[in-house]
Structures are given as structure tokens and as C-alpha cells.
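Undergrad: Provided herewith is a single structure, encoded as C-alpha cells, for subsequent inquiry.
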Amino acid sequence: MARLTGKLEIGNYCIVVREKLSFASGPGQITGYGYEVWRGDEQLSWYDSQPHPHDPVLAATHPHHKHIPPDIKHHRIPAPELSFTRPNLPFLIREIEQLLKN
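236 is the number of the first residue of the sequence shown in this note's numbering; add one for each residue after it.
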């Protein structure tokens, strides 16, 4: 078991990364994560793998979801782009690149 933590800064945006990784059955596999997306001091969103099995909106991508405003702590949407079996950072970087274009 390993923990990966770090920060990726792109322009005025920042991704705070926290991943739990397991190497027990071969190449590293993500077993849990949290990714925060910031613009300056403003938290825009975050992704996490905390299960919410009683929320039918999230069932399709359980446990992967994204927290967004308003009421960022409780407003969750499905996050089909995230996975335990492939790297998530490329998707998160593309998301920031899209924000930079707008």
C-alpha cells in the first residue's frame, strides 16, 4: 500500500492529488482517491471515491463522483471519467486545459 500526494499547478489552476495505491496484485492500482480543483483561492470542485450507495443519481458511476457548486459538499454528480484501474491525472489535466481555453 502506498499513498501519493501532491499538487499540480497549471496557470492559475491547481489540482491537489491524494491517491491510495496497492501493488499487491501487480502494477499499481488506485484503491481510493481525492482530487481538488482550485482557481487561486477558490475551490471549483472535487472528486472522491467515498461511496454514496443510497444516492440513485450516482449509481451509474458508483463510487466515482464529482462535487460541484452550489453547496459543493452535498451537490454530487456522476464522474464516469474516473477509474480505479487507469490513471486519472490525464483526465484532470484535460479538464484544466478546457478551463484555460474558456
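We put the CB at the ideal spot given by N, CA and C, even for glycine.
Would you mind working out which of Gly269, Asn337, Glu277, Leu335 sits nearest Leu317, comparing C-alpha positions?
TA: Among Gly269, Asn337, Glu277, Leu335, the Cα nearest to that of Leu317 is on Gly269.
Undergrad: For the beta strand (DSSP E) holding Arg253, just list the boundary residues, first then last.
TA: From DSSP, the beta strand (DSSP E) with Arg253 extends over 248-257.
Undergrad: Going along the chain, which residues of its own chain have a beta-carbon closer than 6 Å to the beta-carbon of Thr266, five neighbours each way excluded?
TA: Taken in chain order, the residues that qualify are Lys255, Ser257.
Undergrad: I'd like the span of the alpha helix (DSSP H) that includes Glu330, first residue to last.
TA: 324-336 is the extent of the alpha helix (DSSP H) around Glu330.
Undergrad: Near Pro288, which residues of its chain fall below 7 Å by C-beta distance, leaving aside the five closest residues on each side in sequence?
TA: Here the set comprises His297.
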